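Following: one structure in structure tokens, then a few remarks.
In our numbering, the protein residues as written are 10 to 405.
Structure representation (structure tokens):
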């Protein structure tokens, strides 16, 4: 990976760290306001979700119309200024409204920057280095996730909300500067006449992106697989907080989260050893499902909890490898002119399918049990096997 790739990696890593500090600090501060804070925190999170659902398709279309680095520079720069402006608000009441407004703004920014970033990666690192780049990024992201509760706690509780926001502003600025110093010619995915940029033409672009996705069987197959996997993983995410009850161990949830992070870091490290092919991708997905099934062993058989905990490591190890190769497959297979729209579709489908998992778990009787790990794990495994069969006979 050359210097430009390292600069892009540094930019994204710092950006992720800033996001973690921002979310932890803001959520903690709003939650500390009592009943009003509880109400506003719900608004804070719902507003972010709605903005993402509505604007993701437009973000992808614009990422295919404009130079992607310019989109990333604008979003980082504006987010830095937004966080900096909040530092100077002295009233707690206005700070509350300011944080909600800023979160909506950052959600809007993310709707444009996320597809632009994923589409920009192949331009900078080249398609041969995609797995290496994505594995390095995932390793750093997982380390940030592991350390973020401690970092967030230390920064927020020692410095307060305003200095936390100042640090957030500086992280966006650092991300901006790393992008600025990338020495590579920016490309336009499509040579559009910018005078034709209007709402109708953007909708036409979105439609053209959907037509492209459906026409390209392998891309369409990858998106359907990702959406269905997200459904099962949303069910697992709902189930995990009930781990202390299922395993009859008060520290079970915290232990699973810690071991999950360890598995993810190991998976990111070893991901480069797996071939970046469709068959390999689907076998990796199946193995992640086996890991979820293993999590049910201790409550059902009376074996030590270490057996179930090992399942969390196995699942997250292979799930991380799957994610790295999934994004690498998409970046490798999709035409540059449609890259932004494909990634915005992936993000939108993920958000739309996410509520269905908790809904299914809520409606099913006795869903809070070790059997649910088996059902979810087998669901992922059988989905992978079905995908393998389909890919062998229909995608050849």
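Think of the CB as a built atom: it goes at the ideal place given N, C-alpha and C, for glycine as much as any other residue.
As the structure is a prediction and not an experimental result, all values here were calculated from the model.
Three-state secondary structure assigned by DSSP to residue i
i: residue 43; result: coil
i: residue 132; result: helix
i: residue 311; result: coil
i: residue 154; result: helix
i: residue 11; result: coil
i: residue 326; result: helix
i: residue 363; result: coil
i: residue 284; result: coil
i: residue 73; result: coil
i: residue 232; result: helix
i: residue 260; result: coil
i: residue 104; result: helix
i: residue 32; result: helix
i: residue 25; result: helix
i: residue 304; result: coil
i: residue 343; result: coil
i: residue 57; result: helix
i: residue 114; result: helix
i: residue 214; result: helix
i: residue 178; result: helix
i: residue 227; result: helix
i: residue 48; result: helix
i: residue 98; result: coil
i: residue 355; result: helix
i: residue 195; result: coil
i: residue 377; result: coil
i: residue 372; result: helix
Among the options, nearest to residue i - alpha-carbon criterion
i: residue 312; options: 256, 209 and 97; result: 256
i: residue 307; options: 286, 318, 299 and 72; result: 318
i: residue 153; options: 396, 344, 22 and 175; result: 22
i: residue 110; options: 87, 53, 120 and 86; result: 53
i: residue 166; options: 33, 342 and 231; result: 33
i: residue 230; options: 59, 44, 305 and 392; result: 392
i: residue 27; options: 375, 157 and 63; result: 157
i: residue 234; options: 64, 388 and 315; result: 388
i: residue 49; options: 105, 11, 61 and 92; result: 105
i: residue 283; options: 18, 327, 322 and 302; result: 327
i: residue 228; options: 404, 45, 10 and 11; result: 404
i: residue 340; options: 162, 385, 136 and 320; result: 136
i: residue 129; options: 88, 195 and 168; result: 195
i: residue 267; options: 323, 214 and 254; result: 323
i: residue 265; options: 305, 58 and 287; result: 305
i: residue 93; options: 178, 225 and 356; result: 178
i: residue 10; options: 143, 168 and 237; result: 143
i: residue 358; options: 240, 225, 74 and 260; result: 240
i: residue 65; options: 345, 212, 37 and 262; result: 212
i: residue 226; options: 46, 39, 43 and 402; result: 402
i: residue 245; options: 232, 98, 155 and 383; result: 383
Sequence-distant residues of the same chain with beta carbon closer than 7 Å to residue i, five excluded per side
i: residue 20; result: 184, 187 and 188
i: residue 192; result: 13
i: residue 176; result: 30 and 164
i: residue 247; result: 366, 367 and 370
i: residue 258; result: 314
i: residue 343; result: 228 and 351
i: residue 394; result: 295
i: residue 87; result: 118
Beta-carbon contacts of residue i that lie in its chain and below 6 Å, excluding the five residues immediately before and after
i: residue 35; result: 108
i: residue 325; result: 269, 272 and 273
i: residue 375; result: none
i: residue 243; result: 363 and 366
i: residue 96; result: 171, 174 and 175
i: residue 377; result: 251
i: residue 38; result: 170
Proximal residues to residue i (C-beta, below 8 Å), its chain only, five neighbours per side dropped
i: residue 24; result: 85, 180, 181 and 184
i: residue 80; result: 71, 72, 121, 122 and 125
i: residue 285; result: 139, 140, 334, 337, 338 and 341
i: residue 113; result: 56, 57 and 60
i: residue 18; result: 10, 142, 145, 146 and 149
i: residue 16; result: 187, 188, 190 and 191
Below-8 Å beta-carbon distance, residue i vs any chain D residue
i: residue 172; result: Checking the listed chains, one finds no chain D in this structure; it contains a single protein chain.
### Task
Could you say if the stretch 166 to 173 and the stretch 290 to 303 meet the contact criterion of at least three C-beta pairs nearer than 8 Å?
Taking 8 Å as the limit for Cβ pairs, the verdict is that the stretch 290 to 303 does not touch the stretch 166 to 173.
### Message
Is it the case that the stretch 324 to 338 contacts the stretch 138 to 154, given that we only count it when at least three CB pairs across the two stretches are under 8 Å?
### Response
With the cut-off at 8 Å, the stretch 138 to 154 and the stretch 324 to 338 touch.
#### Entry: Touch test, the stretch 260 to 277 against the stretch 383 to 399, Cβ-Cβ under 8 Å, three pairs minimum
Cβ pair count under 8 Å is below three, so no.
### Message
When you compare the stretch 204 to 215 with the stretch 119 to 135, are there three or more beta-carbon pairs, one atom per stretch, that lie closer than 8 Å?
### Response
Verdict: no, contact absent.
### Query
Is the stretch 298 to 305 close to the stretch 350 to 357, with three or more CB pairs under 8 Å?
Output reads no: the stretch 350 to 357 does not touch the stretch 298 to 305.
### Message
Quick test of the definition: if touching needs 3 or more C-beta pairs under 8 Å, does the stretch 212 to 220 touch the stretch 336 to 351?
### Response
Touching, yes, given that three or more Cβ pairs across the two stretches are closer than 8 Å.
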